[in-house]
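When the letters of the sequence shown are read in order and numbered with the numbering used here, they come out as residues 6 to 495.
Please read the structure below before turning to the comments.
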Amino acid sequence: MPRRTETANYDILRPEPNSLLQSARSFGYNIETAIADLIDNSLTAGASKIAISYAIDQFTSYVRIEDNGKGMSEKELLNGLRLGSSSPLIQRGETDLGRFGLGLKTASFSQCRRLTVRTRDRFGIQSVRCWDLDIVQKEKDWVLLRQCADQNSVQNLGSLPGEGTGTIVLWEKLDRLTEAGEFKAVKEHFYRKFENVRKHLGLIFHRFIEAGEVTIFVNGDTIKPHNPFHISTRVPTSELQEEQLSINGHLITIQPYILPHESKLTGNERRQLQIIKGWTEHQGIYLYRNRRLIADGTWLDLEFRKKESQRLCRIAIDIPNTLDKEWQIDVRKASAKIPDVIRKRVRNLSLAAVEKAVKVYTHRGAYIRRKTRRQDITYTWQARVRRGKRFYEVNREHPVYELIQAKLGESAFLFQDYMKLIGESLPVSFIMQDFSDPATLMKDFFEGSEAELQSIYQNTLSALMKEGLSLQEARDKAGSLDCFQQLKNL
6 MPRRTETANY DILRPEPNSL LQSARSFGYN IETAIADLID NSLTAGASKI AISYAIDQFT
66 SYVRIEDNGK GMSEKELLNG LRLGSSSPLI QRGETDLGRF GLGLKTASFS QCRRLTVRTR
126 DRFGIQSVRC WDLDIVQKEK DWVLLRQCAD QNSVQNLGSL PGEGTGTIVL WEKLDRLTEA
186 GEFKAVKEHF YRKFENVRKH LGLIFHRFIE AGEVTIFVNG DTIKPHNPFH ISTRVPTSEL
246 QEEQLSINGH LITIQPYILP HESKLTGNER RQLQIIKGWT EHQGIYLYRN RRLIADGTWL
306 DLEFRKKESQ RLCRIAIDIP NTLDKEWQID VRKASAKIPD VIRKRVRNLS LAAVEKAVKV
366 YTHRGAYIRR KTRRQDITYT WQARVRRGKR FYEVNREHPV YELIQAKLGE SAFLFQDYMK
426 LIGESLPVSF IMQDFSDPAT LMKDFFEGSE AELQSIYQNT LSALMKEGLS LQEARDKAGS
486 LDCFQQLKNL
């Protein structure tokens with residue numbers, strides 16, 4: 006652009022440094038998403054080892070992220086520390102996890118006021134630069150230090166090991182991570198926040214960790230992958246039909262899963278299902294961009310509500326980074342919107358998966374085995390709606406109900422009243438509370454007592470035959486009852 010003259014018909018308005026950097030602190034990151042954004046940079050740089058460390062004392066606190074990626078030259082470091090270092094419109098490599106050229110700065114400033122980076126490129130040349138928001142505010146200019154701000158930063162930053170390439174990112178002045186108050190409480194809250202960081206990173210990057218492409222350490226502890234779909238080695242997750250869609254020639258893969266019912270899982274496996282927010286909150290769509298999870302446990306902009314009965318439904322959607330515009334990926338890579346062109350299909354696939362998940366949940370993990378010669382399954386309980394309110398009652402058309410009623414004759418009213426009382430007094434709230442509590446292990450239907458269920462089945466056959474049914478007719482009628490579907494050799 007030519008130099009502006011007094012007669013030019015335009016003005017050049019450069020942003021005020023302190024105001025812009027303060028605004029960059031408010032992109033909606035939390036500590037988990039901020040660190041994940043920095044790990045994106047490390048993976049894009051080809052890192053196979055990423056070490057996160059943190060500490061706090063009465064005088065200072067810091068967070069340090071070190072990787073063995075390809076490092077940066079001095080020119081690349083300067084560009085990397087520039088706000089908007091690359092355009093979101095340029096085509097990126099297939100393994101590039103970045104997008105807007107803002108992540109390093111906005112993620113860091115969301116948590117700290119001082120950002121220092123040390124890097125070493127393939128020629129063994131090291132470079133250091135430091136943004137300190139207090140200095141920028143004081144000087145009212147884009148002052149980027151060429152060294153650590155003070156001796157304490159030198160010690161916290163440390164050095165890169167050996168002679169290979171790599172990068173260290175250091176956060177200091179953690180005003181968003183530490184709050185004023187009694188030091189013991191501040192320290193407890195500081196370390197508590199990093200417990201969620203460990204879980205979050207294990208979930209977000211579980212595919213990279215499972216593939217052996219990267220090892221992530223947090224204060225020396227190796228982060229374990231947290232696969233949100235395959236919870237148990239004993240009880241398999243049900244994989245529904247995978248479907249592939251396309252937008253502008255770019256492939257989208259949709260894979261619905263139905264998790265095993267919690268009654269089938271061990272206590273540790275049920276705790277894994279909790280992840281961070283609890284398994285009801287983690288139901289829904291898991292959106293992966295270049296294998297990196299960017300949205301977990303959400304229905305995105307579908308009109309679905311999260312319900313207890315749907316909690317076993319999780320749907321993996323994989324998209325490439327070439328569809329960021331269509332999916333409206335945000336700066337934090339933490340939210341998205343389903344493109345209109347495939348929205349209807351995604352909704353239908355999700356609805357089908359939800360229906361199957363509800364069946365597994367309501368039948369407590371027992372898939373109903375429908376025989377080809379059977380007609381319909383007869384259920385013991387019925388869900389009804391009256392004046393817009395749902396309630397449950399014993400099925401009065403159930404063969405056993407009708408059998409008892411006929412046997413009692415004129416005295417059947419007492420039986421009918423008692424069944425009515427059972428339906429009205431069903432402790433739905435207590436049942437829901439127990440099911441949603443991961444510490445409560447629920448007993449499955451006739452768990453450990455199949456012989457007793459078999460005896461009830463035989464008694465039912467005898468009663469039906471006494472009413473004039475043949476053995477085969479009695480077997481057909483009893484075999485259609487939901488309560489006997491788990492018996493073998495019906």
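The C-beta atom is built at its ideal place from N, Cα and C for all residues, glycine as well.
- In this model, T121 and Q279 are separated by some 36 Å (Cα to Cα).
- Contact between D301 and L208 is confirmed by a C-beta separation of about 6 Å, below the 8 Å threshold.
- Counting only residues of its own chain and dropping the five nearest sequence neighbours on each side, T258 has a CB closer than 6 Å to the CB of Q249, D323.
- The beta carbons of G171 and E244 sit no closer together than 9 Å.
- Classified as exposed, M437 has fewer than 16 neighbouring CB atoms from the shown chains inside 10 Å of its CB.
- When secondary structure is reduced to three states using DSSP, A56 falls in the strand class.
- Here the alpha carbons of L175 and L162 stand approximately 6 Å from one another.
- Listed in chain order, the non-local C-beta contacts of W147 below 6 Å within the same chain comprise P22, local neighbours out to five positions each way being set aside.
- The shortest C-alpha to C-alpha distance from N464 to any of A479, G129, K229 is the one to A479.
- Boundaries of the alpha helix (DSSP H) harbouring Q142: 138 to 144, taken from the DSSP string.
- The beta carbons of R389 and E402 sit no closer together than 9 Å.
- Secondary structure of Q260 (DSSP, three-state): strand.
- In the three-state reduction of the DSSP assignment, V148 falls in the coil class.
- C-alpha of F435 to C-alpha of L419: approximately 27 Å in a straight line.
- Segment contact: the stretch 57 to 65 against the stretch 211 to 226, three or more CB-CB distances shorter than 8 Å; contact assigned.
- If you ignore the 5 residues before and after L43, its C-beta comes within less than 8 Å of the C-beta of I70, G108, L109, A112, S113, V174, all in its own chain and listed in chain order.
- For Y293, DSSP records a beta bridge to L298, D323.
- L179 counts as buried, since no fewer than 16 other beta carbons sit within 10 angstroms of its beta carbon.
- In this structure, the straight-line span from the alpha carbon of Y67 to that of D306 is close to 37 Å.
- Residue burial is scored here from C-beta neighbours: H255 has fewer than 16 other C-beta atoms within 10 angstroms and is therefore classed as exposed.
- According to the DSSP secondary-structure assignment, V219 is paired through a beta bridge with no residue.
- Nearest to L298 by alpha-carbon distance, out of N353, A341, R19, is A341.
- Rounded to the nearest angstrom, the gap between the Cα atoms of A417 and E472 is 17 Å.
- Distance check between E331 and each of P344, I320, R197 places P344 closest, using alpha-carbon atoms only.
- Assignment of H287 by DSSP, reduced to helix, strand and coil, places it in the coil class.
- Beta-bridge annotation (DSSP): Y397 is paired with A388.
- About 47 Å separates the CB atoms of L431 and F213; that is not less than 8 Å, and the two are not in contact.
- Per the coordinates, the alpha-carbon of I427 lies some 49 Å from the alpha-carbon of E193.
- Leaving aside the five residues that flank K482 on each side, the residues in its chain whose CB is nearer than 8 Å to its CB run, in chain order, P404, L469, L474.
- Cβ neighbours of G85 within its own chain (closer than 7 Å, five residues either side excluded): M77, L109.
- Taking C-beta atoms under 8 Å as the contact rule, S237 and P265 qualify, at a distance of about 6 Å.
- Excluding five sequence positions before and after R197, none of the CB atoms of its chain fall closer than 7 Å to its own CB.
- Contact between Y366 and L317 holds, since their C-beta atoms are separated by about 5 Å, short of 8 Å.
- When the beta-carbon positions are compared, V219 and A52 come within less than 9 Å of each other.
- For the 9 Å CB-CB criterion, R134 and S164 do not form a contact.
- Just so you know, the alpha carbons of A362 and T271 end up roughly 20 Å apart.
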